[in-house]
Each structure stands twice: as structure tokens, then as C-alpha cells.
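A.B. asks:
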Amino acid sequence: MRIRPGAYIVRDHRVLTLKYTYSGGIIYALPGGNLEFGEELESALVRELEEELGIRCRPGEVLHVAEVMHRGENTIHFIFKCGDFPGEPQLNPAETKAEEIAWLPLSELDRFTLYPNIGSALMLAEAPVFLGVIEQPRY
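Going left to right, the sequence shown walks through residues -6 to 132 as our numbering numbers them.
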């Protein structure tokens, strides 16, 4: 089982994502990554944001927790609301295989395949925190 903290970062009604192309199609992932042994959720997220995007953004409240069962692996996602940060994110190819940074319109998140696939929940102001097992399109 993997534990993955992710960041929900919004600027000008757009959500920060990372674009990946797989044989099954395009996936837009919320920035974040897996915990290392002994690491806390918030510390892991801060580290991943700095390593992959060169940004310093402190996690706030947990918006959603969701389970993804995909490719024989169970991953629990903790999605943290993160505030704004100075500067612009820049991909670090040594730390991520993402192709590009994509700011997706918040009002249209349900039109994109997200990882984790919680675009509809992010669009709702009153969505439940625990989403349970979510359907993740293949990639």
C-alpha cells in the first residue's frame, strides 16, 4: 500500500496539475508524491513540491481522502489545500516524468482525467472529505 499526499493549488480559478501521456491517454496529476519511511504527510508534500516544481507551499486543511486500487496496488490519497506561493512552478526533469505543468479550469475539472480521479469532488464546495474507493481510469 502506498500513501500519497497531494496538493490542491488554485490560482485565478485554475488548478495546478502535471500532465502525463500514457498508452491509455493523458492524465493530469495533482502535484505530490509518495511518503518515504518515517516521513509525515505534510513534510512529504512540502518535499515533493520543492523537488518537482521548485515551489514552497505549505499544506493547509485536508480536503479529501480517497482510495485508488489500480494495477494491483492500493494507494490512499490525502489531498491538502495549499495556499498561493511566490513565483512560478518549474518542472524538474530529474524529479518528475511529467511533460508539462497544466493549469486546468476549476469549473471544468470533470472533463479531464485526473490522478487521483476526484475532479468532480474538487468542483464542489461541500464535498465529503472521505470519498472512499474511487474509479481510476486506466493509464
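Where is the CB? At the ideal position from N, CA and C, for every residue including glycine.
Quantities reported herein were computed from a predicted structural model and do not represent experimental measurements.
Could you check if Val126 is buried or exposed, using at least 16 other CB atoms within 10 Å of its CB as the buried criterion?
C.D. replies: Around the beta carbon of Val126, a 10 Å sphere encloses fewer than 16 other beta carbons of the protein chains shown; the residue is thus reported as exposed.
A.B. asks: If we call anything under 7 Å between Cβ atoms a contact, is Glu88 one with Glu45?
C.D. replies: yes
A.B. asks: How many angstroms separate the CA atom of Ala95 from the CA atom of Leu11?
C.D. replies: 6 Å
A.B. asks: Tell me, to the nearest whole angstrom, how far the beta carbon of Gly26 is from that of Glu43; I am working on the premise that it is less than 8 Å.
C.D. replies: Not really, about 11 Å apart at Cβ, beyond 8 Å.
A.B. asks: Roughly how far, in whole angstroms, is the beta-carbon of Leu28 from the beta-carbon of Ile(-4), given that I think they are within contact range, below 8 Å?
C.D. replies: 5 Å
A.B. asks: Quick one: what's got a C-beta closer than 6 Å to Ile20's C-beta in the same chain, skipping five residues either side?
C.D. replies: Tyr13, Thr106, Tyr108, Tyr132
A.B. asks: Once DSSP output is grouped into helix, strand and coil, what is the label at Val39?
C.D. replies: helix
A.B. asks: Which class does Leu117 belong to by DSSP, given the choice of helix, strand or coil?
C.D. replies: coil
A.B. asks: Within 10 Å of its beta-carbon, does Val122 have 16 or more other beta-carbons around it, so buried, or fewer, so exposed?
C.D. replies: exposed
A.B. asks: If you check the beta carbons only, do Val61 and Phe71 fall under 7 Å apart?
C.D. replies: No.
A.B. asks: Pro98 bridges to which residues according to DSSP?
C.D. replies: Arg7
A.B. asks: Roughly how many angstroms lie between the CA atoms of Gly47 and Ser113, to the nearest whole one?
C.D. replies: About 28 Å.
A.B. asks: What does Val122 pair with, by DSSP beta-bridge criteria?
C.D. replies: Beta-bridge pairing links Val122 to no other residue.
A.B. asks: I'd like the ranges of any beta strand (DSSP E) spanning at least 3 consecutive residues and lying wholly in the region 49 to 96.
C.D. replies: 52 to 63, 66 to 75
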